[in-house]
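Numbering-wise (the working numbering), the sequence shown opens with residue 1 and increments by one. Beta carbons: idealized from backbone N, C-alpha and C, even for Gly. Note sheet for the following structure.
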Amino acid sequence: MSDKMVEGKVAVVTGSGRGIGREIALLMAKQGARVVVNDLGASLTGEGQDVSPAAEVVAEIEAAGGQAVVNGDNVADRAGAQRMVEQAVDTFGRVDCIVNNAGILRDRIFHRMNEEEFDAVVAVHLKGAWNVSRAAAPFFKEQQGGSYIHFTSTSGLIGNFGQTNYGAAKLGVMGLSRNIALDMARFNVTSNCIAPFAWSRLIGTIPSETEAEKLRLERIKSMGAEKIAPLPVYLASDQAADVTGQVFVVRKNEIFLMSQPRPIRSAHNSDGWTPETIAERVIPSFQSAFTPLERSADVFCWDPI
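What follows is the structure, given as structure tokens:
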């Protein structure tokens, strides 16, 4: 019996021509999966197209004895998402895992952000994840199994400056994953989220003007994209069949399980509430439990281990 974690499985990894996606595709192949390496080859902000990064990853996989195929479709295009999943089935006979990793950035402070900047980011991160996931759903249902691995971000789970579009999309991805997990559990399909800390093209846009910002950037640069790949490979394996609906963070050699929204305080008034009684009784009793207005750097404030 093979000791490879995902031997014989077929994985579609979006945005896998560079960075985190590339490392996931390479490790998936090393661990026995056949891989559809999807990458539009666009710029950081989503313009242009170039399949050469994806082709280079496929060549590297094949040189190591693995099997992979290039796909240059855009996840934001419903028909393109359908094509990439069908390509997996046509080429390798099945599809077992969807890794929704593709992404772009259009960072801007909220009061200056325009509609196109908001829509473009949501289209790739949230609608793109839905597109590819939905395309795979009939195959997963028919074969009674499969795994979704969606990439979220602490910019959505916690918050960040200048990323209302990205943060909203990434928090939406968490909701998408959770509800897919509920709907697809009857078919033995899992759905989980990963928020990565790793140096990539997207992280490269972080401001580095002050000494504190420069120090933070150097810490992030120490977190290689290869550190992220083991968790999605595990989640794609049969050993993770009972792991679903969860949100993980990977930060260098650290893995965190994130909390998800649940009630933490309650107030009851048998006569109902008025604005005045809310001000007098509810908010004062809740205030000590309010979530602070923090960024991910404030929550993960220690050096990566």
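Return the bridge partner residues of residue i from the DSSP annotation.
{"i": "residue 146", "result": "189"}
{"i": "residue 196", "result": "250"}
{"i": "residue 151", "result": "194"}
Could you check the C-alpha separation between residue i and residue j for me, to the nearest Å?
{"i": "residue 296", "j": "residue 245", "result": "22 Å"}
{"i": "residue 218", "j": "residue 162", "result": "20 Å"}
{"i": "residue 267", "j": "residue 278", "result": "9 Å"}
{"i": "residue 37", "j": "residue 158", "result": "30 Å"}
{"i": "residue 186", "j": "residue 180", "result": "11 Å"}
{"i": "residue 111", "j": "residue 167", "result": "15 Å"}
{"i": "residue 52", "j": "residue 41", "result": "7 Å"}
{"i": "residue 90", "j": "residue 140", "result": "15 Å"}
{"i": "residue 248", "j": "residue 271", "result": "42 Å"}
{"i": "residue 48", "j": "residue 39", "result": "12 Å"}
{"i": "residue 286", "j": "residue 149", "result": "35 Å"}
{"i": "residue 98", "j": "residue 58", "result": "17 Å"}
Whole-angstrom Cβ separation of residue i and residue j, contact assumed at under 8 Å?
{"i": "residue 153", "j": "residue 170", "result": "4 Å"}
{"i": "residue 35", "j": "residue 54", "result": "So it is not a contact: roughly 10 Å between Cβ atoms."}
{"i": "residue 309", "j": "residue 228", "result": "Outside the shown range of the chain (1 to 305) lies residue 309, about which nothing can therefore be said."}
{"i": "residue 226", "j": "residue 23", "result": "5 Å"}
{"i": "residue 73", "j": "residue 84", "result": "5 Å"}
{"i": "residue 151", "j": "residue 114", "result": "Between residue 114 and residue 151 the Cβ distance is about 25 Å, and since that is not below 8 Å, they are no contact."}
{"i": "residue 122", "j": "residue 190", "result": "Their Cβ separation, rounded to whole angstroms, is 25 Å, which puts residue 122 and residue 190 out of contact at 8 Å."}
So the alpha helix (DSSP H) residue i belongs to, where does it begin and stop?
{"i": "residue 335", "result": "With the chain covering only 1 through 305, there is no way to say anything about residue 335."}
{"i": "residue 254", "result": "Where residue 254 is concerned, there is no enclosing alpha helix (DSSP H), although the beta strand (DSSP E) it sits in stretches over 254-257."}
{"i": "residue 286", "result": "283-286"}
{"i": "residue 178", "result": "164-184"}
{"i": "residue 112", "result": "Note, residue 112: premise wrong, no alpha helix (DSSP H); not H, not E."}
{"i": "residue 20", "result": "19-30"}
{"i": "residue 297", "result": "296-299"}
{"i": "residue 79", "result": "78-92"}
{"i": "residue 154", "result": "154-157"}
If you follow the beta strand (DSSP E) that residue i is in, where does it begin and where does it stop?
{"i": "residue 36", "result": "34-38"}
{"i": "residue 11", "result": "10-13"}
{"i": "residue 251", "result": "247-251"}
{"i": "residue 99", "result": "97-100"}
{"i": "residue 51", "result": "Premise fails: residue 51 is in no beta strand (DSSP E) and is neither H nor E."}
{"i": "residue 70", "result": "68-71"}
Answer with yes or no whether the minimum CB distance from residue i to chain C is below 8 Å.
{"i": "residue 86", "result": "Protein chain content of the structure displayed is limited to a single chain, and chain C is not contained in it."}
Any heavy atom of the ligand NAP within a distance shorter than 7 Å of the CB on residue i?
{"i": "residue 210", "result": "The ligand NAP is not part of this structure, which contains no ligands at all."}
Whether or not the segment 70-81 and the segment 125-139 are in contact is what I'm after, with contact meaning three or more pairs of Cβ atoms, one per stretch, closer than 8 Å; do they touch?
yes
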